[in-house]
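Data first, discussion second: the structure below is written as structure tokens.
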Amino acid sequence: MSESSQRVEVSDHDYRRITTFVYDEAELFEEKDYQTWLSRVTEDISYQMPVRGVFEKGQQSEQKFQNGYFDDDLDSLILRTTLWAQASTTVAESPPSITRHFVTNIRAYAGEAAGTFQVTSNVLVFRIRSTSSTPHLFSCRRNDLLREVDGELKLAYRLVKMDEPVVQSPNLSFLV
Amino acid sequence: MKIEQFDPQRPGDLVDPETGWVNRRVFVDADVHAMELKRIFAQTWLFVGHESEVSAPGDYVTRIMGDDPVILSHSSDGQFRVFLNACPHRGALVCRADAGNSPSFNCPYHGWTFRNDGHLHSLADKPESYKNKVDFDDYNLVQARVGVYAGLIFATFNEAAPDLETHLGNARWYIDLFFNRTPNGAEVLGAPVKWVANMNWKYGAINFAADGPHALAAHGPISRMAIDMPTEALVEIAKNGPAVRIGNGHGCIFVPGPPGFPDWTGFDPATVPLYEHMLSAGQLGQLKNMFNGVMTVFPNLSWVHFPVTLSPKKPPVNFFNMRVWQPTSASSSEIWGWFLADKESADEYKEASLRLGIQTFTGAGTFDQDDSEAWASMDLGSRGTIGRQRMSSFQMILAGQEDLLPDFPGPGEAYHSTYSEMSEFGVLLKWREMMQTGGA
Ligand code: FES
Ligand SMILES: [Fe+2]
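Just so you know, the protein sequences line up as chains A and B, in that order. Each residue of the first sequence is one higher than the one before, starting from 602 at the first, in our numbering. Each residue of the second sequence is one higher than the one before, starting from 87 at the first, in our numbering.
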């Protein structure tokens with residue numbers, strides 16, 4: 602709760618727009634319609650998923666450099682998703698993995714800049730790969746920044762805090 | 087050809103040095119796996135961390151050696167020490183965090199405490215309660231032998247193992263190219279990422295020793311996009327890049343740039359001039375035209391270094407990924423991956439290098455995502471009752487061994503091509519030797 606206590610809640614109307622954006626996005630990921638998804642991100646998007654660790658209280662060191670699984674801008678997102686979307690361009694997604702995105706705990710607040718929203722949510726991804734019919738469940742928290750661009754909501758920043766210190770899946774060729 | 091019968095005490099026989107055939111039990115059999123934990127991982131030097139991960143006194147990280155949890159501690163007396171992460175009382179982990187800084191380790195069960203140099207500090211009860219019937223010297227944390235080369239910290243619990251310098255041998259010439267090329271050496275950029283691959287650890291070690299032809303088969307489209315060379319050119323340079331059988335199971339490949347490739351592409355222009363102070367003429371010559379360098383230090387430490395860009399607007403920058411293949415079970419490995427850079431590089435260069443590394447060589451990496459599926463496929467295709475009787479082929483060695491490069495500047499045996507399977511098979515030859523004799 603601490604991260605949200607001083608924030609300004611959005612109107613019901615905006616909350617509705619934001620949840621629609623978030624649920625639409627989950628469906629686009631499931632359908633692997635990355636073309637449409639890319640039309641809903643800003644040109645300066647930053648998409649990050651840093652490494653997770655286990656530390657004693659107060660011992661999590663402030664690392665100068667942050668290792669992780671994703672640290673993408675628009676160009677690298679285009680490249681990744683182009684590989685995933687086309688047949689036979691990656692071993693990882695040929696055949697495509699099956700994913701289902703469960704998005705919950707959606708909260709939305711006014712962002713610092715006008716026309717922006719801070720949105721947090723929890724996501725559970727159920728995923729089957731061609732080499733494993735045993736599902737991998739991937740749990741994470743998202744801190745998003747949405748921005749109004751020409752009257753449409755777009756994703757400008759996403760920090761994915763994934764909950765596995767050791768990711769139990771051989772690859773992460775999907776987005777959350 | 088099949089090896090139907092083999093002496094379970096001599097699993098090394100499953101690798102045929104003459105023909106390049108390897109029985110697939112080597113990669114899928116649980117008994118073979120249990121034996122290699124004893125005959126390889128408990129016998130030889132294993133990488134546990136880089137100096138820059140534990141740079142201050144009191145710093146520690148927890149690691150795995152084979153199937154044993156250990157602590158790498160920069161103890162308050164300034165020494166790097168490696169302990170079995172097990173309480174001398176009843177065996178509980180005395181440290182359960184990934185990393186931190188502490189003067190002591192405290193057992194969660196009966197509360198015994200240990201200084202960060204491994205010495206028993208306090209017990210649940212007063213020492214006098216034992217009425218002098220117990221020798222407390224037996225109650226310090228079990229310490230491994232520790233050796234450091236070029237900032238890389240290795241350890242072994244085997245008192246009889248030859249020293250680290252002997253184990254690394256000729257590999258030091260190649261390690262220097264990556265970790266010892268500036269006065270301050272390399273540093274890690276953040277903590278390791280860790281993910282599970284459904285495969286035997288040797289598939290990783292062999293792939294990085296290294297496997298030239300898989301690069302374009304498994305990573306063709308991403309290679310073209312991230313490297314900006316036509317496929318034919320990439321195949322050409324890979325076929326003409328040397329594969330070095332360094333000795334002791336260590337192996338590497340160098341893929342040179344194509345004709346017209348500018349020297350030092352992707353390197354940090356600020357640190358390249360420093361290399362001249364640290365490297366020999368032969369080493370500099372090898373490095374300046376290096377497009378792709380990939381290496382395995384036997385048994386399970388590897389790295390890969392090459393320039394990529396995932397943006398048409400940005401020039402390629404080298405990333406430098408180091409990883410350990412943790413032998414979790416016959417068919418599963420944890421991959422622990424770090425990124426490094428020359429310590430003297432500016433933060434901006436380090437950040438660009440790290441970002442490209444994350445985008446290419448992690449569990450979500452645009453290269454690694456393919457290997458992990460290919461490796462999982464090899465495991466599935468090889469582990470059945472019939473499948474495990476079949477042979478994996480390294481038979482390109484029959485041709486490749488004839489193309490020894492006479493004037494390669496580095497030590498060991500350099501062969502003409504990364505397609506030769508010579509350096510890859512070298513990993514299995516060392517594996518064979520250790521699995522036959524049961525020791526280093
Ligand atoms: S097991 Fe550690 S104090 Fe008893
Ligand atoms: Fe690969």
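Here a beta-carbon is modelled for each residue, glycine too, at the ideal position from N, C-alpha and C.
Helix, strand or coil at residue i according to DSSP, with G and I counted as helix
{"i": "B/Arg331", "result": "strand"}
{"i": "A/Val655", "result": "coil"}
{"i": "B/Val539", "result": "Outside the shown range of chain B, which is 87 to 526, sits residue 539 of chain B, and nothing can be said about it."}
{"i": "B/Met482", "result": "coil"}
{"i": "A/Met602", "result": "Any reading at A/Met602 must be qualified, since the residue scores a pLDDT of 46, below 50, and its modelled position is unreliable; the value itself is stated next. Here A/Met602 sits in coil by DSSP."}
{"i": "B/Ala526", "result": "Caution applies to B/Ala526, whose pLDDT of 48 falls short of 50 and renders its modelled position unreliable; the model cannot decide the point."}
{"i": "B/Tyr505", "result": "coil"}
{"i": "A/His614", "result": "helix"}
{"i": "B/Ala500", "result": "strand"}
{"i": "A/Ile646", "result": "strand"}
Listed by chain order, chain A residues near residue i by CB distance under 8 Å
{"i": "B/Val114", "result": "Going along chain A, no residue has its Cβ under 8 Å from B/Val114, so there is no contact; the nearest lies around 14 Å."}
{"i": "B/Ile157", "result": "What B/Ile157 touches in chain A: nothing, since even the nearest Cβ is about 13 Å away."}
{"i": "B/Gly449", "result": "Tyr670, Val768, Ser770, Pro771, Asn772, Leu773"}
Rounded C-alpha distance that separates residue i from residue j
{"i": "B/Pro320", "j": "B/Leu302", "result": "For the record, residue 320 of chain B in the displayed sequence is Leu; it is not Pro. Cα to Cα, the separation comes out at about 8 Å."}
{"i": "B/Gln165", "j": "B/Val140", "result": "11 Å"}
{"i": "B/Ala526", "j": "B/Pro316", "result": "Any reading at B/Ala526 must be qualified, since the residue scores a pLDDT of 48, below 50, and its modelled position is unreliable; no value is offered."}
{"i": "B/Tyr146", "j": "A/Val611", "result": "45 Å"}
{"i": "B/Trp350", "j": "B/Leu365", "result": "15 Å"}
{"i": "B/Asn107", "j": "B/Ser478", "result": "The residue asked about is misnamed: residue 107 of chain B is Trp in this sequence, not Asn. Looking at the two C-alpha atoms, the distance is approximately 6 Å."}
{"i": "B/Ser190", "j": "A/Leu738", "result": "36 Å"}
{"i": "B/Gly400", "j": "A/Asp674", "result": "It should be pointed out that residue 400 of chain B corresponds to Lys in this sequence rather than to Gly. Taking the straight line from one Cα to the other gives about 12 Å."}
{"i": "A/Met650", "j": "B/Leu484", "result": "45 Å"}
{"i": "A/Arg641", "j": "A/Asn706", "result": "22 Å"}
{"i": "B/Gly379", "j": "A/Phe718", "result": "45 Å"}
{"i": "A/Pro766", "j": "B/Arg331", "result": "35 Å"}
{"i": "A/Ser647", "j": "B/Met311", "result": "21 Å"}
{"i": "B/Phe384", "j": "B/Leu514", "result": "10 Å"}
{"i": "B/Asn293", "j": "B/Thr446", "result": "16 Å"}
{"i": "A/Met602", "j": "A/Arg728", "result": "Note that A/Met602 scores a pLDDT of 46, beneath 50, so its modelled location is shaky; the value from the coordinates is reported in the next line. Each residue's alpha carbon lies about 30 Å from the other."}
{"i": "A/Arg743", "j": "A/Leu754", "result": "17 Å"}
{"i": "A/Met763", "j": "B/Gly512", "result": "38 Å"}
{"i": "A/Arg618", "j": "B/Phe480", "result": "58 Å"}
{"i": "B/Asp489", "j": "B/His336", "result": "19 Å"}
{"i": "A/Leu776", "j": "B/Ile444", "result": "15 Å"}
{"i": "B/Arg167", "j": "B/Gln229", "result": "7 Å"}
{"i": "B/Val82", "j": "B/Thr199", "result": "With chain B running from 87 to 526 in the structure shown, residue 82 of chain B is simply not present."}
{"i": "B/Thr523", "j": "B/Asp117", "result": "16 Å"}
{"i": "B/His391", "j": "B/Phe405", "result": "6 Å"}
Cross-chain neighbours of residue i in chain B, by beta carbon under 7 Å
{"i": "A/Ser677", "result": "Leu396, Ser397, Gln445"}
{"i": "A/Arg681", "result": "Thr452"}
{"i": "A/Ser647", "result": "Here the premise fails: no neighbours, minimum Cβ distance about 10 Å."}
First through last residue of the alpha helix (DSSP H) which encompasses residue i
{"i": "B/Lys219", "result": "From DSSP, B/Lys219 is part of no alpha helix (DSSP H); its letter is neither H nor E."}
{"i": "B/Ile339", "result": "Here B/Ile339 belongs to no alpha helix (DSSP H); instead the beta strand (DSSP E) covers 336-342."}
{"i": "B/His363", "result": "358-364"}
{"i": "B/Trp107", "result": "Not the alpha helix (DSSP H): B/Trp107 falls in the beta strand (DSSP E), residues 107-109."}
{"i": "B/Asn404", "result": "Note, B/Asn404: premise wrong, no alpha helix (DSSP H); beta strand (DSSP E) at 403-415."}
{"i": "B/Met464", "result": "454-468"}
{"i": "B/Val101", "result": "It is not in any alpha helix (DSSP H) - B/Val101 carries neither H nor E in the DSSP assignment."}
{"i": "B/Leu310", "result": "Checking the sequence shown, residue 310 of chain B turns out to be Arg, not Leu. That run of the alpha helix (DSSP H) goes 300-313."}
{"i": "B/Trp287", "result": "287-293"}
{"i": "A/Trp638", "result": "635-639"}
Span of the beta strand (DSSP E), counted from its first residue to its last, around residue i
{"i": "B/Ser159", "result": "154-160"}
{"i": "A/Lys762", "result": "753-763"}
{"i": "A/Leu773", "result": "Segment: none, A/Leu773 is in no beta strand (DSSP E) and carries neither H nor E."}
{"i": "B/Asp428", "result": "418-428"}
{"i": "B/Met376", "result": "376-383"}
{"i": "B/Thr148", "result": "145-151"}
{"i": "B/Gly135", "result": "132-136"}
Interface residues of chain A facing residue i [CB-CB closer than 9 Å]
{"i": "B/Gly276", "result": "Pro651, Val652, Gln664, Lys665, Phe666, Gln667, Asn668, Gly669"}
{"i": "B/Arg545", "result": "Residue coverage of chain B in this structure runs from 87 to 526, which leaves residue 545 of chain B outside it and unanswerable."}
Interface partners of residue i on chain B, CB under 8 Å
{"i": "A/Glu657", "result": "Ala183, Gly186, Ser188"}
Chain A contact residues for residue i, given Cβ-Cβ distances below 7 Å
{"i": "B/Ser463", "result": "Thr732"}
{"i": "B/Arg441", "result": "Asp672"}
{"i": "B/Asp456", "result": "Thr691, Val692, Ala693"}
{"i": "B/Asn284", "result": "Thr732, Ser733, Pro771"}
{"i": "B/Lys429", "result": "Correct list: empty, because the minimum Cβ distance to chain A is about 12 Å."}
{"i": "B/Met311", "result": "Leu680"}
Contact set between residue i and chain B, taken where Cβ atoms lie within less than 9 Å
{"i": "A/Pro766", "result": "Asp184, Lys280"}
{"i": "A/Gln719", "result": "Residues of chain B passing the Cβ test: none, with the nearest at roughly 24 Å."}
Taking only runs that begin and end inside the region 674-751 of chain A, name each unbroken alpha helix (DSSP H) of 4 or more residues, in chain order.
Counting only runs of 4 or more, we get 675-686.
Counting only runs that start and end within the region 183-250 of chain B, where is the beta strand (DSSP E) found for 3 or more residues in a row?
Runs of the beta strand (DSSP E) inside the region 183-250 of chain B: 185-187, 190-192, 199-201, 206-208, 231-235, 238-242.
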